[in-house]
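>
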Amino acid sequence: MRIIVVGGNGTIGKAVVDVLKAENHEVITAGRTSGDLSVDMTSPESIEAMFQKLGAVDAIVSTAGAAKKVNVEKMTPKDLHLAVESKLLGQINLALIGQNYLRRGGSITLTTGIMKDDPIANGASSAMANGGVAAFVKAAAVDFTRGIRINCVSPNVLEESYDRLKDSFKGFVPVPASRVAAAFLKSVAGCQTGQEYQVYH
Ligand SMILES: NC(=O)c1ccc[n+]([C@@H]2O[C@H](COP(=O)([O-])OP(=O)(O)OC[C@H]3O[C@@H](n4cnc5c(N)ncnc54)[C@H](OP(=O)(O)O)[C@@H]3O)[C@@H](O)[C@H]2O)c1
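Now the structure itself:
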């Protein structure tokens, strides 16, 4: 398969690229400043330009998306923008625009996260975006024809990120990136649609 991984040079992305390449797939990575192709998924024009360069693919994977950590009591409407533009709309626009470049039987796999199910302090903005992406995936799956599938992966905090994030995730038992990557492989190479693969253990 020919697969685009947006965020393919990130912590999760690298593990996903490794597992896909190990299965002999052709993997193209993209990011704002990293990867084979340049894209800023907060801009629909940038997404369209990336797909114009890329051409047809069999799978679209997103392991990208940012949000601001802010306590709700101090959160302003502006603080929400990053999560809405990046994690939520960035990924959904990738699916909407990308579907036009997907071959018959292709798939879309997006990233959410445990914060929507197991809240942490200052995580409401991220949780909102995660929940929105998961709901979109579940509902969008029933609309797609041509055998097109859509799923998302909801990782726990990663072992590889735990040093950086441990103060926010006390008591969470991190999971290895390789286990998260396996869920992406299940989505890309499997037959299920409308699923959220929760990699919490
Ligand atoms: N790490 C964890 O423990 C963990 C756990 C659960 C969920 N998540 C979620 O999983 C996603 C990836 O996490 P990560 O830890 O792998 O992040 P990361 O290491 O920071 O990697 C993010 C990747 O996405 C790309 N990216 C960021 N913003 C982009 C944009 N607007 N357009 C295009 N590419 C963009 C980055 O490349 P450029 O800088 O070149 O754009 C980078 O390759 C995030 O949404 C995160 O919240 C992470």
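Counted from 1, the sequence shown has number 116 at position 116 by the UniProt record's numbering; the numbering is strictly sequential.
Cβ coordinates follow ideal geometry from the N, Cα and C atoms, glycine included.
1. By a C-beta neighbour count over all protein chains shown, 10 Å radius and 16 as the cutoff for buried, is V133 buried or exposed?
2. So the candidates are A22, S125, D36; which of them puts its Cα closest to the Cα of K78?
3. Is the distance from the Cβ of K68 to the Cβ of G123 below 8 Å?
4. Which of the three DSSP states is assigned to R2 in this structure?
5. Would you mind working out which of V5, V188, N156 sits nearest A64, comparing C-alpha positions?
6. Between the region 139 to 152 and the region 102 to 111, do at least 3 Cβ pairs fall closer than 8 Å?
7. Does any C-beta atom of chain D lie closer than 8 Å to the C-beta of D79?
8. Is it the case that the CB of V84 approaches a heavy atom of ligand 1 more closely than 7 Å?
9. I need the DSSP call for T11, collapsed to helix, strand or coil.
10. Would the beta-carbon of P155 fall within 8 Å of that of I12?
11. Can you tell me where the alpha helix (DSSP H) with G90 in it begins and where it stops?
12. Starting from A59, follow the beta strand (DSSP E) in both directions and report where the run begins and ends.
Reading it off the structure:
1. Along the sequence shown, one-based indexing puts residue 133 at 133. Label assigned to V133: buried.
2. Counting from 1 along the sequence shown, the entry for residue 78 is found at position 78. The candidate whose alpha carbon is nearest that of K78 is S125.
3. Your numbering for residue 68 matches position 68 in the sequence shown. Your numbering for residue 123 matches position 123 in the sequence shown. Going by C-beta atoms, K68 is not nearer than 8 Å to G123.
4. Taking the first residue of the sequence shown as position 1, residue 2 is located at position 2. R2: strand per DSSP, three-state reduction.
5. Sequence index remark: in the sequence shown, residue 64 carries index 64 (1-based). Checked all of V5, V188, N156; the closest Cα to A64 is V5.
6. yes
7. Going by chain labels, chain D is absent from the structure shown, which holds only one protein chain.
8. In the sequence shown, counting from the first residue as 1, residue 84 sits at position 84. V84: no, Cβ never under 7 Å from ligand 1.
9. Taking the first residue of the sequence shown as position 1, residue 11 is located at position 11. T11 falls in the helix class under three-state DSSP.
10. For the purposes of this step, residue 155 is taken as the residue at position 155 of the sequence shown. For the purposes of this step, residue 12 is taken as the residue at position 12 of the sequence shown. Yes, Cβ-Cβ distance for P155 and I12 is below 8 Å.
11. In the sequence shown, the residue the question calls residue 90 occupies position 90. Segment 89 to 98, the alpha helix (DSSP H) holding G90.
12. Residue numbering aside, residue 59 sits at position 59 when the sequence shown is read from its first letter. Run containing A59: 57 to 62, per the beta strand (DSSP E) assignment.
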